[in-house]
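Novice:
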Amino acid sequence: MARIRLGMVGGGNDAFIGGVHRIASRIDDRFELVAGALSSTPEKAQASGEALGLPRIYDDFKAMAIREARLKEGIEAVSIVTPNHVHFAAAREFLKRGIHVICDKPLTSTLADAKKLLKAAEASDALFVLTHNYTGYPMVRQAREMVASGQIGTIRVVQVEYPQDWLTQEETFKQAEWRTDPARSGAGGSTGDIGTHAHNLACFVTGLEVASLAADLDAFVPGRQVDDNGHVMLRFKGGAKGMLWCSQVAPGNENALRIRVYGDKGGLEWAQEDPNYLWHTPFGEPKRKITRNGAGAGEAAARMSRIPPGHPEGYLEGFANIYSEAADAIEAHRTGTPLSGDVIYPTIQDGLRGVEFIDACVRSSKRNAAWVDL
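Per the numbering used here, residue 5 is the first one in the sequence shown, and the count goes up by one each step.
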């Protein structure tokens, strides 16, 4: 199949996540970046586009959506890698013109916008992919497969955490500035930036949905307007219980995403900073290490792996797996052929649930950590 013509909104020269998306889209040679509106200022948009050698450079995303939809060889999909408050307006412009959307998380900065974007996606013929990249890690797929096949039995307890330390003190550089500004990030700080990853991972691995939660959020850095630490108790539909901790003020932690799942037949444990291994403990038996592409790893993990065991795969490859799943879905859409059931990617419904999680955490914390329904 021909490479998918890709555009990008946001992700200019000084944007970390834009570079990540561009690398991820190229790893499996499924996309070709041909157009972009890479910054909110025309000068930076032009300079960034020229630095990347883009054939078509736009000053704003609306002009880009209008023209690309009219071009015979216009973009087929667009990556949206802007601060959160731009996601809704940008995604809506491309969806209503039938252009597939690949959007960074969280879905939007407000729950009202998330609900409106869901309606726009449902009214469009275009696909919507949300880049919760950790769902693309091979051993996360392995864990999901083991849970689904009943290897750990009925789930009782889920513990998930994502601590970082980069916002332990007041910071003013670009990435910190917009993430701690509620007008751009939304009402959630650590809950929106990394708590959503933890929430999504817990739901993805277990197949469960959160029914209600009780959240205690803090902004420990003086003057900070959004939370930088959150302790959240979870009640899942079906009766399982959980705990979620997200923090950006935990010195000694970089990107320490970790999940533990316990059922009546055994437990699983996976850590993002050591991603090629999954620990499985059948009840009453010794703890076992399952290696990516090694003995005991199943087909779900193998689909996400490119190289032999012992050679690390991680963050960029996880992102690339989401892009490759998106490419499979887009190619099936191109040809009108059924999409393989093996293809999994986070959807706009997952995005809505993530924003509902943020909203519920904020509401609960304002009520002294009262239990609230999602």
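From the three backbone atoms N, C-alpha and C, an ideal C-beta is built for every residue, glycine too.
In its own chain, which residues sit with a C-beta less than 8 Å from the C-beta of glutamate 329, not counting the 5 before and 5 after it?
Specialist: As a working note, residue 329 is residue 325 in the sequence shown. Hits under 8 Å: Val133, Gly140, Val347, Ile348 and Tyr349.
Novice: What would DSSP say about serine 29, mapped onto helix, strand or coil?
Specialist: Here residue 29 refers to the residue found at position 25 of the sequence shown. Helix, per DSSP.
Novice: Taking histidine 201 as the reference, give the member of Lys370, Val253, Ile263 and Asp222 with the closest Cα.
Specialist: Working through the sequence shown from its first residue, we reach residue 201 at position 197. Of Lys370, Val253, Ile263 and Asp222, the residue nearest in Cα terms is Ile263.
Novice: Flag this pair as touching only if the segment 85-104 and the segment 288-295 have three or more C-beta atom pairs under 8 Å; answer yes or no.
Specialist: Segments in contact, no.
Novice: Compute the distance between the beta-carbons of tryptophan 375 and glutamine 252, then report whether it is under 8 Å.
Specialist: As a first step, residue 375 is located in the sequence shown; it is residue number 371 there, counting from the start. As a first step, residue 252 is located in the sequence shown; it is residue number 248 there, counting from the start. The answer is no: Cβ separation not under 8 Å.
Novice: Pick helix, strand or coil for tryptophan 182, following the three-state DSSP scheme.
Specialist: Working through the sequence shown from its first residue, we reach residue 182 at position 178. DSSP places tryptophan 182 in helix when its eight states are reduced to three.
Novice: Quick check on the DSSP output: what are the complete alpha helix (DSSP H) runs of length 4 or more inside the segment 46-95, in order along the chain?
Specialist: Whole alpha helix (DSSP H) segments, 4+ residues: 46-56 and 65-74.
Novice: How many angstroms separate the CA atom of proline 186 from the CA atom of aspartate 197?
Specialist: Taking the first residue of the sequence shown as position 1, residue 186 is located at position 182. Taking the first residue of the sequence shown as position 1, residue 197 is located at position 193. Distance between the alpha carbons of proline 186 and aspartate 197 is about 12 Å.
Novice: Please confirm whether aspartate 380 and serine 369 have their CB atoms less than 8 Å apart.
Specialist: Past the boundaries of the shown model lies residue 380; the chain is included only from 5 to 378, so the question cannot be answered.
Novice: Within the same chain, show all residues whose beta-carbon is closer than 6 Å to that of isoleucine 31, passing over the 5 residues directly before and after it, in chain order.
Specialist: Taking the first residue of the sequence shown as position 1, residue 31 is located at position 27. Ala324, listed in sequence order.
Novice: Ignoring anything shorter than 3 residues, give me the beta strand (DSSP E) runs that lie fully in the segment 206-251, in order along the chain.
Specialist: DSSP runs (the beta strand (DSSP E)) wholly in the segment 206-251: 214-222, 233-240 and 245-251.
Novice: Can you confirm whether the segment 330-347 touches the segment 154-165 when touching is taken to mean that 3 or more C-beta pairs between the two stretches lie within less than 8 Å?
Specialist: The segment 154-165, when compared against the segment 330-347, does not touch it at the 8 Å Cβ threshold.
Novice: On a CA-only basis, which of Pro312, Gly192, Gln155 and Pro226 is nearest lysine 269? Give me that one, please.
Specialist: Position 265 of the sequence shown, counted from the start, is the residue given in the question as residue 269. Lysine 269 has its Cα closest to that of Gln155, out of Pro312, Gly192, Gln155 and Pro226.
Novice: Take proline 342 and list the residues in its own chain whose beta-carbon comes closer than 8 Å to its own, dropping the five residues that flank it on each side.
Specialist: Walking along the sequence shown from the start, residue 342 turns up at place 338. Only Ala336 meet the Cβ criterion.
Novice: Assuming contact is defined by CB atoms lying nearer than 8 Å, are valine 151 and glycine 211 in contact in what I supplied?
Specialist: Within the sequence shown, the letter at position 147 stands for residue 151. Within the sequence shown, the letter at position 207 stands for residue 211. The answer is yes: Cβ separation under 8 Å.
Novice: Candidates Phe361, Asp232 and Arg338: which alpha carbon is nearest alanine 130's?
Specialist: Translated into the one-based positions of the sequence shown, residue 130 becomes position 126. It is Arg338.
Novice: Among Ala301, Thr176 and Glu258, whose alpha-carbon lies nearest the alpha-carbon of proline 312?
Specialist: Within the sequence shown, the letter at position 308 stands for residue 312. Checked all of Ala301, Thr176 and Glu258; the closest Cα to proline 312 is Ala301.
Novice: Between the Cα of glycine 314 and those of Tyr281, Ala180 and Pro286, spot the shortest distance and give me the residue it belongs to.
Specialist: What you label residue 314 is simply residue 310 of the sequence shown in a count that begins at 1. Selected option, being the one with the closest Cα: Tyr281.
Novice: Per DSSP, methionine 143 is paired with what?
Specialist: For the purposes of this step, residue 143 is identified with residue 139 of the sequence shown, where counting begins at 1. According to DSSP, methionine 143 bridges with nothing at all.
Novice: Would you check if the distance between the CB atom of alanine 124 and the CB atom of leucine 272 is smaller than 8 Å?
Specialist: The residue given as residue 124 occupies position 120 in the sequence shown. The residue given as residue 272 occupies position 268 in the sequence shown. Not a contact, by the Cβ cut-off of 8 Å.
Novice: Which residue marks the beginning of the alpha helix (DSSP H) containing phenylalanine 177, and which one marks its end?
Specialist: For the purposes of this step, residue 177 is taken as the residue at position 173 of the sequence shown. Careful: phenylalanine 177 lies outside any alpha helix (DSSP H) and carries neither H nor E.
Novice: In the DSSP assignment, the beta strand (DSSP E) including glycine 322 goes from what residue to what residue?
Specialist: By one-based count along the sequence shown, residue 322 stands at place 318. Run containing glycine 322: none in the beta strand (DSSP E); it sits in the alpha helix (DSSP H), 319-339.
Novice: Could you check which residue in Lys120, Arg26 and Pro46 has the C-alpha nearest to that of leucine 37?
Specialist: Your numbering for residue 37 matches position 33 in the sequence shown. If we check each option's Cα against that of leucine 37, Arg26 comes out closest.
Novice: Inspect the beta-carbon positions of glycine 15 and isoleucine 8 and report whether they are closer than 8 Å.
Specialist: By 1-based counting over the sequence shown, the position of residue 15 is 11. By 1-based counting over the sequence shown, the position of residue 8 is 4. It is not a contact, given that the beta carbons lie outside the stated cut-off.
Novice: Find the nearest neighbour of glutamate 321 within the set Met12, Ser29 and Gly157, judged by alpha-carbon distance.
Specialist: The count along the sequence shown starts at 1 and reaches residue 321 at position 317. That would be Ser29, whose Cα lies nearest to the Cα of glutamate 321.
Novice: Give a yes or no on whether the C-beta atoms belonging to alanine 81 and arginine 60 are separated by under 8 Å.
Specialist: Taking the sequence shown and counting its residues from 1, the one referred to as residue 81 is at position 77. Taking the sequence shown and counting its residues from 1, the one referred to as residue 60 is at position 56. Contact flag unset, no.
Novice: Measure from the alpha carbon of arginine 367 to the alpha carbon of each residue in Arg239, Pro316, Leu217 and Glu317, then state which is nearest.
Specialist: The sequence position of residue 367 within the sequence shown is 363, counting from 1. It is Leu217 whose Cα lies nearest to the Cα of arginine 367.
Novice: Which of the three DSSP states, helix, strand or coil, is assigned to glutamate 258?
Specialist: The residue labelled residue 258 in the question sits at position 254 within the sequence shown. It is coil, neither helix nor strand.
Novice: Compare the Cα-Cα distances from methionine 237 to each of Gly246, Arg34 and Asp231 and report the closest residue.
Specialist: Counted from its first residue, the sequence shown places residue 237 at position 233. The candidate whose alpha carbon is nearest that of methionine 237 is Gly246.
Novice: Based on the DSSP output, what are the partners of tryptophan 283 in its beta bridges?
Specialist: Taking the first residue of the sequence shown as position 1, residue 283 is located at position 279. According to DSSP, tryptophan 283 bridges with Glu273 and Lys293.
Novice: Name the two residues that bound the continuous alpha helix (DSSP H) containing isoleucine 103.
Specialist: Start at 1 with the first residue of the sequence shown, and residue 103 comes out as number 99. Element bounds for isoleucine 103: n/a, residue is neither H nor E.
Novice: Indicate the three-state DSSP secondary structure (helix, strand or coil) for arginine 367 in the structure shown.
Specialist: Residue numbering aside, residue 367 sits at position 363 when the sequence shown is read from its first letter. Three-state result, arginine 367: helix.
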